[in-house]
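Data first, discussion second: the structure below is written as structure tokens.
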Amino acid sequence: MKDILRMTHQRELILEELGNCHNHPTADALYERIKKKLPRISLATVYRNLEILSEAGMIRKLEISGRQKRFDKEIEQHDHVFCVQCRRVDDIKYDQRRLVSLKEEQSRGYTISGCRVEFFGVCPKCQAKNEKEQAGKSKDDCNEGCSKSSCKRSRLSERQRVVLEVLATSDDVCANKDIAAATSLEPKQISCQLTALKKKGFVTSPVRCKYEITEAGRAVL
20 MKDILRMTHQ RELILEELGN CHNHPTADAL YERIKKKLPR ISLATVYRNL EILSEAGMIR
80 KLEISGRQKR FDKEIEQHDH VFCVQCRRVD DIKYDQRRLV SLKEEQSRGY TISGCRVEFF
140 GVCPKCQAKN EKEQAGKSKD DCNEGCSKSS CKRSRLSERQ RVVLEVLATS DDVCANKDIA
200 AATSLEPKQI SCQLTALKKK GFVTSPVRCK YEITEAGRAV L
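Numbering-wise, our numbering comes out as the position in the sequence shown, counting from 1, plus 19.
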């Protein structure tokens with residue numbers, strides 16, 4: 020079919036741009052690249068030509084489970100690994116001869132023509148990003164045994180400190196409107212701060228929609 024497929028300018032450009040991509044692009048991503056050179060081309064045209072080129076065996080169509088189809092200029096048999104976080108797809112070398120063939124009684128009457136191995140995980144770039152974010156969170160958290168007031172106060176934003184101070188000086192539990200009356204904060208802002216303070220264990224809500232400061236909350240002021 021390669022010999023009889025007419026190579027139009029559109030198809031040549033699609034092959035060229037696909038060859039310039041090393042991330043196994045979707046049709047949508049490839050379209051964004053191609054329309055910079057052919058502004059009048061449509062997404063449907065790119066889709067259609069990718070299918071034609073795939074059927075002709077000139078490119079590979081990757082049908083990763085539950086995700087958009089990806090396309091690959093490399094047509095030699097190989098497998099892929101994809102990142103569950105950023106959806107990046109990379110080539111991977113895997114000896115499929117290690118796979119156990121289906122026995123006749125297991126094939127449910129099918130004539131088996133091949134198989135697809137699908138690996139997934141978290142790519143190096145996302146791992147580094149996750150580690151950086153985790154390190155940032157750990158840096159923000161005070162050590163449990165720390166007794167320095169300056170360190171403890173650094174765990175609070177200015178709005179959180181204002182809300183805690185209202186609760187600390189109140190003789191009873193406070194509702195959002197009580198805190199709003201004692202501060203310049205809007206009800207929505209107060210709700211956000213209370214949610215954050217509850218996660219830190221600085222406030223509790225013994226009564227529906229009313230709050231009081233905990234001992235940990237008093238200690239952090």
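For each residue, glycine too, the CB sits at the ideal point set by N, CA and C.
Proximity winner among the options, relative to residue i (alpha-carbon distances)
i           : options            : result
residue 227 : 201, 192, 240      : 192
residue 134 : 121, 183, 141      : 121
residue 229 : 238, 176, 217      : 217
residue 210 : 187, 236, 183      : 183
residue 25  : 140, 77, 150       : 77
residue 140 : 108, 74, 123, 234  : 108
residue 142 : 128, 129, 127, 111 : 111
residue 215 : 203, 194, 174, 234 : 174
residue 27  : 67, 95, 152, 113   : 67
DSSP state of residue i mapped onto helix, strand, coil
i           : result
residue 197 : helix
residue 50  : helix
residue 233 : coil
residue 92  : coil
residue 148 : helix
residue 41  : coil
residue 205 : coil
residue 99  : strand
residue 82  : coil
residue 220 : coil
residue 162 : The predicted position of residue 162 is uncertain, since its pLDDT is 49 and thus under 50; a value taken from the coordinates is nonetheless stated next. Coil.
residue 33  : helix
residue 58  : coil
residue 140 : strand
residue 111 : strand
residue 65  : helix
residue 185 : helix
Per-residue burial, residue i [other beta carbons within 10 Å of its own, 16 or more giving buried]
i           : result
residue 41  : exposed
residue 155 : exposed
residue 91  : buried
residue 50  : buried
residue 131 : exposed
residue 125 : exposed
residue 46  : buried
residue 237 : exposed
residue 162 : Note that residue 162 scores a pLDDT of 49, beneath 50, so its modelled location is shaky and nothing firm can be said.
Within 9 Å, strictly: CB atoms of residue i and residue j
i           : j           : result
residue 81  : residue 99  : yes
residue 206 : residue 196 : yes
residue 52  : residue 44  : yes
residue 79  : residue 70  : no
residue 185 : residue 201 : yes
residue 208 : residue 178 : yes
residue 212 : residue 189 : no
residue 240 : residue 187 : yes
Cβ of residue i within 9 Å of any chain D Cβ
i           : result
residue 222 : Any reference to chain D falls outside this structure, which holds one protein chain only.
Inter-stretch contact (C-beta, 8 Å, three-pair minimum) for the region 59 to 68 and the region 100 to 111: Short answer: they don't touch.
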